[in-house]
Structures are given as C-alpha cells and as structure tokens.
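Everything on this sheet refers to the single structure shown next.
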Amino acid sequence: MSESEREDDTAEVPGRVRRAFRDHGSFEPAGEDGWTATTTAFDAAVAAEPAPEDDGRIRFSVTVRVPTLSAVTVDDVADVVETGWYETFERRVADVGGLTRGDHEFDPRVERDGETVVVAFALTDVNERRGVDDAGALVDFVEGTYVQGVIPGYEYTGPVEGLISSARRQGGGSEGF
5 MSESEREDDT
15 AEVPGRVRRA
25 FRDHGSFEPA
35 GEDGWTATTT
45 AFDAAVAAEP
55 APEDDGRIRF
65 SVTVRVPTLS
75 AVTVDDVADV
85 VETGWYETFE
95 RRVADVGGLT
105 RGDHEFDPRV
115 ERDGETVVVA
125 FALTDVNERR
135 GVDDAGALVD
145 FVEGTYVQGV
155 IPGYEYTGPV
165 EGLISSARRQ
175 GGGSEGF
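So the number in the working numbering is just where the residue sits in the sequence shown, counting from 1, plus 4.
In structure tokens, the structure reads:
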C-alpha cells in the first residue's frame with residue numbers, strides 16, 4: 005500500500021502522523037504503525053492509531069522496557085534492595101504530571117517481566133506533532149527516572165554503565181558511582 009493510499013484509509017494511521025514521526029528525529033519506523041525511539045539506551049517503542057472516537061485524534065501508546073537493578077549489576081543485589089528499587093521506580097514513573105505539552109492525564113502501567121520492567125503510557129491528541137513530542141518526552145522521562153534510581157556502590161553493566169559514563173563526562177568526571 006502506498007503512502008497516499010494509507011492517508012485515504014481511515015483505519016490506517018494518517019500520513020500526517022507518519023510525517024510527524026519522520027520529522028521528529030528521535031524515532032525510526034518499526035512495522036506498519038510503530039516507531040522505535042533512537043534517543044534512549046533502553047527498548048522504547050510508540051504505536052499510533054486513530055482514536056476510537058473517529059474525531060481526528062490519534063492515540064499514542066508508549067512502551068519503554070528497562071532492566072531491573074539486578075539485571076545490570078555485576079554483584080548480587082539483595083531481594084530487599086531490588087524490591088525497594090522497583091517500588092521507588094514505580095512511584096517516580098507515576099509522577100509524570102506537567103511533563104508534556106498536551107493536556108494529558110496519565111495512569112502509567114508499570115509491570116515486572118522477569119529481569120525487565122515494562123512501563124506503558126497512553127495519550128490521545130488531535131495535534132500529531134504535539135503527540136509525537138509528548139511520546140518522546142515520556143521516553144526521555146522514563147530513562148531519566150531510571151538513571152535517578154541507580155544506586156551507587158554497584159558495578160554496572162550493559163546500558164546502565166554507558167549511561168553512567170556519559171553522565172560523568174557531561175558532569176565533569178564525578179566519581180559518585
């Protein structure tokens with residue numbers, strides 16, 4: 005199906021939404037109606053679809069997958085520390101108010117899936133560019149919230165080690181971790 009045919013099909017994501025994602029610069033296409041965030045060290049995706057009300061609004065579903073604390077440490081993490089870290093992360097992610105350009109109420113879903121924590125948000129907006137901006141802001145918020153919860157004293161691996169190194173470079177080399 006061509007781009008122009010997609011724009012005419014009301015069941016498909018309108019071309020204006022595809023252009024907004026393309027122009028944003030923080031996403032790349034991933035499937036027919038999905039995009040992958042390219043600005044985070046974590047697995048983050050956004051799906052878009054026409055809102056059920058059929059009033060021109062677009063529903064954006066944002067999903068970010070982050071590792072549990074024990075999944076990115078060399079050392080063992082005590083269960084009580086892991087539980088405390090998860091509960092704190094969950095509370096911080098839920099405190100998302102005032103972050104987005106649109107007037108949205110969020111009720112994020114945060115769930116553990118083995119060594120992964122899945123954070124999901126949904127928002128609906130008639131302005132596709134604002135919706136894409138807000139989806140990107142939510143991805144960045146989850147990454148920043150995760151980094152705030154990194155506990156000093158552990159040796160980290162994977163994406164967290166890279167995030168800490170980057171923060172050190174930007175912060176002038178502080179050895180807080």
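Quick reminder that beta carbons are idealized off the backbone N, C-alpha and C, glycines included.
Check: Given residue 87 as reference, the closest of 76, 72, 100 and 77 once Cα atoms are compared; Outcome: 72
Check: Three-state secondary structure (DSSP) of residue 73; Outcome: coil
Check: Exposed unless 16 or more other CB atoms sit within 10 angstroms - verdict on residue 22; Outcome: buried
Check: Cβ neighbour criterion (16 or more within 10 Å) applied to residue 14; Outcome: Here residue 14 scores only 44 on pLDDT, less than 50, and its place in the model should not be relied on; the value that follows carries that caveat. Label assigned to residue 14: exposed.
Check: C-beta atoms of residue 16 and residue 54 nearer than 9 Å; Outcome: yes
Check: Chain-order list of residues whose beta-carbon lies under 8 Å from that of residue 85 (same chain, five-residue window excluded); Outcome: 73 and 155
Check: Of the residues 127, 123, 30 and 130, the one placed nearest residue 97, counting alpha carbons only; Outcome: 123
Check: One or two residues paired with residue 115 in a DSSP bridge; Outcome: 122
Check: Supposed contact pair residue 138 and residue 101 - C-beta distance, whole angstroms, cut 8 Å; Outcome: So it is not a contact: roughly 13 Å between Cβ atoms.
Check: Enclosing beta strand (DSSP E) for residue 38 [first to last residue]; Outcome: 38-41
Check: Test item: CB-CB of residue 78 and residue 146 under 9 Å; Outcome: no
Check: Residue 56 versus 31, 42, 76 and 129, residue with shortest Cα-Cα distance; Outcome: 129
Check: Supposed close pair residue 142, residue 125 - CB separation, criterion 8 Å; Outcome: 5 Å
Check: Contiguous beta strand (DSSP E) assignments of at least 3 residues, all confined to the segment 24-64; Outcome: 31-33, 38-41 and 47-54
Check: Buried versus exposed, by CB contacts within 10 Å (16 or more), residue 44; Outcome: buried
Check: Closest Cα partner of residue 151 within the set 38, 36 and 70; Outcome: 70
Check: Rounded C-alpha distance that separates residue 133 from residue 158; Outcome: 40 Å
Check: Other residues of its chain near residue 66: CB distance less than 6 Å, five sequence neighbours each side excluded; Outcome: 50, 125, 139 and 142
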